Amino acid sequence: MKIFESHAHYDDKQFDGDRDALLAAMQKQGIETVVNVGSTFEGCQKTLALTKKYQFVYGAVGIHPSEIEGLGEDVCDWIWEKSQLPKIVAIGEIGLDYYWEKDAGARQRQKEWFIRQLEVAREVGLPVIIHSRDAAEDTIRLMEENHAEQIPGVVHCFSYSLEMAEAYLRMGYYIGIGGVVTFRNAKKVKEVAREVPLDRILLETDSPYLSPEPNRGKRNSSLNLPYVAEEIARIRGISLEEVAEATRENARRLFRKVEETMA
Ligand code: NI
190 MKIFESHAHY DDKQFDGDRD ALLAAMQKQG IETVVNVGST FEGCQKTLAL
240 TKKYQFVYGA VGIHPSEIEG LGEDVCDWIW EKSQLPKIVA IGEIGLDYYW
290 EKDAGARQRQ KEWFIRQLEV AREVGLPVII HSRDAAEDTI RLMEENHAEQ
340 IPGVVHCFSY SLEMAEAYLR MGYYIGIGGV VTFRNAKKVK EVAREVPLDR
390 ILLETDSPYL SPEPNRGKRN SSLNLPYVAE EIARIRGISL EEVAEATREN
440 ARRLFRKVEE TMA
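As numbered in our numbering, residues 190 to 452 make up the sequence shown, in order.
(1) Where isoleucine 257 and threonine 229 are concerned, what is the direct C-alpha to C-alpha distance, given to the nearest angstrom?
(2) Does the Cβ-Cβ distance between lysine 379 and serine 350 come in under 9 Å?
(3) What are the boundary residues of the beta strand (DSSP E) that aspartate 456 is part of?
(4) Here's the rule I'm using: 16 or more other beta-carbon atoms within 10 Å means buried, otherwise exposed. How should histidine 336 be labelled?
(5) Measuring CA to CA, which of Glu338, Met332, Ala356, Arg405 is closest to glycine 367?
(6) For threonine 371, count neighbouring Cβ atoms within 10 angstroms of its own Cβ and tell me buried if that reaches 16, exposed if not.
(7) Three or more C-beta pairs closer than 8 Å, one from the segment 273-293 and one from the segment 316-330: is that the case here?
(8) Quick check for students: name the residue ranges of the alpha helix (DSSP H) that lie wholly in the segment 309-396, counting only runs of 4 or more.
(9) Three-state secondary structure (DSSP) at asparagine 225?
(10) Can you determine whether any heavy atom of the ligand NI sits closer than 8 Å to the C-beta of cysteine 346, and answer yes or no?
(11) Going by C-alpha to C-alpha distance, which of Thr436, Ile421, Ser195, Met190 sits closest to alanine 279?
(12) List the residues that DSSP assigns as beta-bridge partners of aspartate 286.
(13) At the level of alpha carbons, what is the spacing between isoleucine 304 and isoleucine 277?
(14) Can you tell me which of Met190, Val309, Glu355 puts its alpha carbon nearest to the alpha carbon of serine 272?
(15) Given this structure, state the Cα-to-Cα distance separating glutamine 339 from isoleucine 318, to the nearest angstrom.
(16) Sort out for me which residues DSSP pairs alanine 197 with in a bridge.
(17) Look up isoleucine 192 in the DSSP assignment and say whether it is helix, strand or coil.
(18) If you follow the beta strand (DSSP E) that tyrosine 243 is part of, which residue opens it and which one closes it?
(19) Relative to the ligand NI, is the shortest distance from any of its heavy atoms to the C-beta of valine 250 smaller than 8 Å?
(20) Need the endpoints of the alpha helix (DSSP H) that isoleucine 424 sits in, please.
(21) First and last residue of the alpha helix (DSSP H) that includes asparagine 217?
(22) Beta carbon of aspartate 395: closer than 8 Å to some heavy atom of the ligand NI?
(23) Roughly how many whole angstroms lie between the Cα atoms of proline 401 and glycine 365?
(24) Assign tryptophan 289 to one of two classes, buried (16 or more other C-beta atoms within 10 Å of its C-beta) or exposed (fewer than that).
(25) With which residues is glycine 406 paired in a DSSP beta bridge?
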């Protein structure tokens, strides 16, 4: 069984003690491909280094909505430039996060950065990885206004209603499902995992965050992905292998540069 990890942060300092040992052993344990997703500017730089060091690690460059303060517009030029590297397969993670940000002015800056980075993705022809927390209405409205349906992408760590998932599906987006689906009280995510077409789901961990059961609360890694796939399989009444295979195909369809660099 081969698993495609669509969203991890191995640049995070929580991996400083054992990053190389962990990553070096990963492929043997079934994790075929990892997309390491930038969220801070520094994290994007570390992401580039990881893609150089590990053949199976690909990267996304972009600034998370909670990490935009103090950055200049030259950062967007930098993202544009690095997106041309063969192993940079997406722009992300970008979006809106109102959970951590209550200030109206700061929320406005998040919107500006989101729009700007969507435009970079459109210009360079790469998919986007969307982060949206407590900002469902503004995210979808802003994406509609800016014709994000013309840009392929995934809404990562999907936490909204099935109705909202359907709105993203209509825009052509994939739905990223991670450890939360294994939590007993995660009714909405379980419903989304059951109803979204199998050809539109991506597996992700968001490591080091959001470890699935039975490792909830501990540092997460892609090695926990079988627990996520197992729960999706249980909910849908299909096999673990079917979930792994379908989500792998989906990820390779979305992040098409992965296959281009392998060929
Ligand atoms: Ni993330």
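All C-beta atoms, glycine included, are put in the ideal place defined by N, C-alpha and C.
Here the structure is a predicted model, which means the values were calculated and not measured.
Taking the definition as stated:
(1) Taking the CA atoms as reference points, isoleucine 257 sits about 8 Å from threonine 229.
(2) no
(3) Absent from the model: residue 456. The displayed extent of the chain is 190 to 452, so no value can be given.
(4) exposed
(5) Arg405
(6) buried
(7) yes
(8) The qualifying runs are 325-334, 351-359, 376-384.
(9) strand
(10) yes
(11) Ser195
(12) Arg322
(13) Near 20 Å, if we compare the C-alpha coordinates of isoleucine 277 and isoleucine 304.
(14) Val309
(15) Cα-Cα distance, rounded: 14 Å.
(16) Asn225, Ser396
(17) strand
(18) Counting along the chain, tyrosine 243 falls outside any beta strand (DSSP E), and DSSP gives it neither H nor E.
(19) no
(20) 414-425
(21) Per the sequence shown, the amino acid found at residue 217 is lysine instead of asparagine. Note, lysine 217: premise wrong, no alpha helix (DSSP H); not H, not E.
(22) yes
(23) Their backbone Cα atoms lie some 14 Å apart in a straight line.
(24) exposed
(25) For glycine 406, which the question treats as bridged, DSSP gives no partner whatsoever.
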